[in-house]
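All remarks here apply to the structure that follows.
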């Protein structure tokens, strides 16, 4: 089986640059590599390059991973070219990828800063108090409880009818432990931003 790097190395430099120029906007948006080319375009490209659909997907995923990795680590273009060369990519292809990265890094990094990588986001919290009644052999026991309703949304829903509700009940001790955990998380976030 052919590796992604072998597929990249087999490309002409101008084709690699053209593929990268189509890939970059999908990285800056929230699209997947499947959205880079229409089905017709993909079929033509597969025919011209003499590769399979799986090879094309592998190629696009590899190039997307290279650029995402560069974005996450804020890699300079010359460092990216060196890293790619050390991994066995052809020198001309390393320079081509580094040049595309140089021209598009700012847009990709900015897009990543505003994007959440969690599958769901908390859009609201509702709560209510209640009392549970339990009968023991000697007396009725009343236990106060708090019910938190976490309203979750994914990137496609903005809290409307497709929002997911997760209700969690806490007694006094459980709610206090949850509060302490949130305090720990807040302290860690403060360290990172301060």
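In full-length UniProt numbering, the protein residues as written are 1 to 194.
Using N, Cα and C, we set each Cβ at its ideal position, and we do this for glycine too.
Can the beta-carbon of residue 120 be found less than 8 Å from the beta-carbon of residue 152? yes
Distance, Cα to Cα, residue 23 vs residue 104? 11 Å
At what residues does the beta strand (DSSP E) containing residue 147 begin and finish? 140–153
Beta carbon of residue 29, beta carbon of residue 100: below 8 Å? no
Which of helix, strand or coil DSSP assigns to residue 37: coil
Note down, in chain order, each residue of its chain lying with its Cβ closer than 7 Å to the Cβ of residue 89, except the 5 sequence neighbours on either side. 5, 8 and 9
Answer with buried or exposed for residue 168, where buried requires no fewer than 16 other C-beta atoms within 10 angstroms of its C-beta. exposed
Where residue 123 sits in the DSSP three-state scheme: strand
Quick check: residue 149 and residue 172, are their CB atoms within less than 8 Å of each other? no
Jot down the residue ranges of each uninterrupted alpha helix (DSSP H) in the region 52–107, minimum 4 residues, whole runs only, in chain order. 53–72 and 77–86
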